[in-house]
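See structure below.
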Amino acid sequence: MMPIQSPIPNPAGAPHGRVAQRNRVIYVEPARQPHTEPLGNAWMRYVRSLHRSKLAVILLAVSGCVAGLSITVSEFTRYPAHSSLEIVGANADLLNTRQLNPEADDSNSDTYLTAQVRILQGKSMATRALKKLDAKSRESMIVADPAIDQIKRWLKRPMPSIEQQREDAAAATAKSLTVRAAPGSRIIELSCQSSDPQFAADFLNAIASEYVEQTFELRDSSRKRTEDWLAQQLDLLRRNLADSETQLQLYATNKKLEFTSDKDDVAMLRLRDLQQQLSRAQDERVAAQSEYSVAQQSVADSVPQVLSNERLSGYQQRLTELRRELAEASATMTPEHPTIRRLEAQVEQMNGALKSERVSILNGIANRYQAALKRESLLKGAYADQSRVVAGQSANTIGYDIIKREVETNRTLYESMLQRVKEANIAWTLRATQVRTIEPAEPSVAASQPPLMANGAAGLAGGLILAILLVLGRMKVDQNIRGPGDTQAYLRLPELGVIPSLSADRAAEAALSRPIKGLLNIGELSTGAKEEVGLVTWQRKPSMLAESFRSTLTSLLCLEAHGQSQRLLVVTSPGASEGKTIVTSNLAIALAESKHRVLLIDADMRRPRLHKILNVGNNWGLSDLLNEPTSLENWPIDALVRKTEIPNVFLLPSGPALAHVAGLLYSERMIELLRKFRGAFDYVLLDTPPILSVADARVLSRLADGVILVVRAGQTGRQTASVAAQRLAEDGTPVLGTVLNDWNPAESVYYSYSYFVPHNGKQAS
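Dropping the structure here:
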């Protein structure tokens with residue numbers, strides 16, 4: 006948030022009186038600056054949203070609990086079976102064969118044990134086990150459940166065949182298979198459930214048997230692949246060795262070489278030394294060239310060597326002192342005075358020394374660059390000469406050395422591979438199985454109890470989570486302002502007051518057993534009901550609605566107590582039907598109760614309503630005054646405004662609608678009229694059209710001391726309110742704050758009408 010000085014021009018050449026705008030420091034937010042809602046406000050919005058939908062949350066939670074209990078009750082009677090296997094740790098590096106098997110793994114690691122658990126749980130293992138069980142095992146399966154059969158008969162559902170029931174029961178048994186590794190051991194525990202205890206035990210034993218068989222199959226398949234790969238590699242290395250030996254012999258014969266000589270080590274060391282010196286010389290030349298380029302392209306005083314030179318700094322300091330002494334002496338002495346001449350000579354001498362020192366530094370940079378360049382050139386020549394010497398010495402033997410090294414490499418690889426093949430054959434012969442059955446499965450005599458409470462709790466939790474997600478999802482979609490604090494969080498504007506809805510006020514009255522006649526929700530009011538709400542602060546002074554308007558007025562007066570004068574206020578809203586007129590009339594009544602003379606101006610010439618609320622005619626009003634050509638200076642106030650039935654409250658109705666209403670608001674006449682009203686009344690409140698609908702509110706806001714922005718709970722969108730506030734900020738209009746209208750406290754977690762219901766049954770005043 007950035008303060009800007011916003012001088013508002015004096016419209017239409019108005020004199021600099023109370024109507025003319027003063028310079029204000031206005032805090033304007035960037036037009037598209039994203040705003041993150043405070044964490045506390047976000048949590049409170051979530052709680053309020055859940056509270057509003059508590060019946061739906063409870064209904065879904067109970068439905069989930071009932072569904073979980075129903076599923077549990079409808080389950081078959083299950084018999085458990087248990088078995089356990091031990092994964093024996095093997096020496097995976099027997100005879101150094103770990104690197105020969107591309108599929109080898111550390112069978113002693115937790116990763117290997119986890120992989121075996123996954124294999125046992127896999128669908129392919131269950132399929133193999135079911136195929137292994139013969140038809141006789143399935144024929145003896147117990148699949149009938151009298152209770153379930155009776156329910157299906159009641160529902161008249163078709164009964165599947167016995168074969169299909171057995172297939173379904175076998176599939177359910179396979180689906181119930183659970184495998185877990187016992188902590189701190191290499192034991193794997195298997196369990197399953199089935200309607201037939203014998204089939205459950207047979208199925209687990211078949212799983213263990215198929216797992217052992219699969220382990221043997223995988224080991225045999227891996228052995229065959231490894232043997233084939235080793236044989237191919239051994240044959241390839243044998244051919245490579247023979248080819249390289251033949252090539253070495255042919256090279257020696259063609260070059261007529263009877264022996265080989267070593268390279269000249271001294272020459273090679275000399276070449277490496279020259280290479281290192283050349284690399285350092287190139288680095289020095291690059292550094293010197295960089296300094297030289299900077300010195301050539303920059304002003305002498307900005308060269309780093311000049312800036313860091315201590316002698317030059319001393320000269321500069323001395324020159325500054327001499328100039329200061331010369332300036333002080335010149336103030337009291339004539340130019341011909343010996344002291345003046347001496348100081349001028351010293352200044353001239355010091356300037357010469359400065360220039361000479363700068364030239365010396367720059368010449369030193371150039372000399373270093375030339376020396377580095379020359380040294381690099383000499384080293385390049387020496388390196389090239391030494392390279393030719395080394396190449397000439399080794400030209401006759403380098404080819405032979407290359408071929409000889411290739412022969413030695415091939416021989417080493419061949420011998421190593423031959424040894425690995427022998428070790429692998431021995432290792433595969435010695436390696437044993439790694440799986441042992443510790444406890445085979447036995448038929449159970451006791452059926453397992455269905456987890457009634459657990460399933461019920463899971464259903465309850467699932468329904469509760471679903472309900473919360475639905476409520477929060479709906480809240481994310483709903484981008485309207487909902488409750489107190491929302492405008493301050495999203496618009497960064499003070500919240501002057503919160504006006505409860507008529508349903509909340511009716512609830513408070515119901516608590517007093519004094520029902521409100523003819524009051525409905527503000528958004529659903531008839532014209533007569535709206536007029537009653539417009540005077541609620543006067544007609545029902547002790548009500549909750551009246552107190553909310555007085556609380557809003559207190560917020561405004563507190564701003565004035567801090568030095569901000571708000572005598573002429575504009576009340577507007579982002580859109581239509583948001584309650585700005587009702588807020589305006591009730592604020593005026595609250596001000597009048599404090600013995601202030603208040604003038605209400607109905608500036609909403611397209612949809613005027615204040616004259617209906619205050620029961621005043623509208624055949625003459627603001628439009629007539631603005632369209633009147635004569636001066637207003639000699640007009641008495643009583644001739645311009647109309648008294649109402651409420652003491653100290655006066656009204657200037659809108660008057661007949663005119664086509665050129667916007668032009669009248671821009672006129673000098675409007676400024677003159679407001680100046681006159683400022684002097685005659687303590688407060689002037691202007692009810693203007695919605696700011697996003699027409700430009701009238703923005704025009705009048707520039708002539709006022711401040712703007713009150715009215716938003717309606719559940720109707721005004723956050724984006725809409727933000728655009729309205731931004732337009733006022735861009736116009737340089739100070740927004741004093743917002744008023745949240747039509748808020749239902751019953752949607753909040755914290756609300757009470759106890760203040761309005763005293764113990765003696767009389768309403769508190």
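Residue numbers (my numbering): 6 to 770. Quick reminder that beta carbons are idealized off the backbone N, C-alpha and C, glycines included.
A Cβ-Cβ distance of about 16 Å is found for the pair Val-712 and Asn-746, leaving them out of contact under the 8 Å criterion.
In this structure, the beta-carbon distance from Arg-123 to Asn-485 does not fall below 8 Å. Ranked by how close their Cα comes to the Cα of Val-426, the residues Glu-289, Gln-238, Val-412, Leu-573 have Gln-238 in first place. Of all alpha-carbon atoms in Tyr-117, Lys-180, Gly-580, the one lying nearest the alpha-carbon of Gln-198 is that of Lys-180. Bounds of the beta strand (DSSP E) holding Tyr-688 are 688 to 692.
Asn-372 and Gln-254 have their C-alpha atoms roughly 60 Å apart. Bridge pairing for Trp-625: absent [DSSP]. In this chain, Thr-649 is not harboured by any beta strand (DSSP E), its DSSP state being neither H nor E. The C-beta separation of Ser-361 from Ile-345 comes to about 25 Å, leaving the pair out of contact by the 8 Å criterion.
DSSP, read as helix, strand or coil, puts Ala-86 in strand. Between the C-alpha atoms of Gln-321 and Ala-734 there is a straight-line separation of about 53 Å. Between the alpha carbons of Gln-354 and Ser-392 lies a distance of about 57 Å.
A distance below 8 Å between beta-carbons, with the five flanking residues on each side excluded, links Leu-465 to the following residues of its chain, in chain order: Ala-66, Val-67, Gly-69, Cys-70, Gly-73. Annotation: Gln-198 is outside any alpha helix (DSSP H); the continuous beta strand (DSSP E) that includes it extends over 192 to 199. Beta-carbon to beta-carbon, Leu-697 and Ile-606 are separated by about 21 Å, too far to satisfy the 8 Å threshold.
The alpha helix (DSSP H) runs of length 4 or more contained entirely in the region 545 to 610 are, from start to end of the chain, 549 to 566, 585 to 598.
Selection Ala-174, Ala-462, Asp-225, Arg-224 evaluated against Pro-202 yields Ala-174 as nearest (Cα-Cα). Assignment of Thr-231 by DSSP, reduced to helix, strand and coil, places it in the helix class. The C-beta of Ile-443 has fewer than 16 other C-beta atoms within 10 Å across all chains shown, which makes the residue exposed.
In this structure, Arg-683 places its C-beta atom within 8 Å of the C-beta atom of Val-689. Glu-638 and Leu-678 have their C-alpha atoms some 9 Å from each other. Taking Val-654 as the centre and dropping the five residues before and after it, the same chain places the C-beta of Ala-593, Ala-597, Val-603 closer than 6 Å to its C-beta, in chain order. Beta-bridge pairing by DSSP links Phe-655 to Leu-604, Lys-648.
In this structure, Ile-370 sits near Tyr-297, with a CB-CB distance shorter than 8 Å. In the structure shown, Asp-710 falls within a coil segment according to DSSP collapsed to helix, strand and coil.
Separation of the CB atoms of Ser-636 and Gly-660 is rounded to 19 Å, and the pair is thereby denied contact status at 8 Å. The beta carbons of Ile-618 and Leu-550 sit no closer together than 8 Å. Cβ-Cβ distances below 6 Å link Ala-377 to Glu-289, Arg-290, Ala-293 in the same chain, with the five nearest sequence neighbours on each side left out; the list follows chain order.
Spatial neighbours of Ala-685 in its own chain (CB-CB distance under 7 Å, excluding positions within 5 residues in sequence) are listed in chain order as Ile-642. Under DSSP, Val-740 takes part in a beta bridge, and its partners are Val-712. If you ignore the 5 residues before and after Leu-496, its C-beta comes within less than 7 Å of the C-beta of Ala-726, Ser-727, Ala-730, Thr-743, all in its own chain and listed in chain order. Taking 8 Å as the cut-off, the Cβ atoms of Asn-591 and Val-646 do not count as close. Counting along the chain, Thr-442 sits inside the beta strand (DSSP E) bounded by residues 440 to 444.
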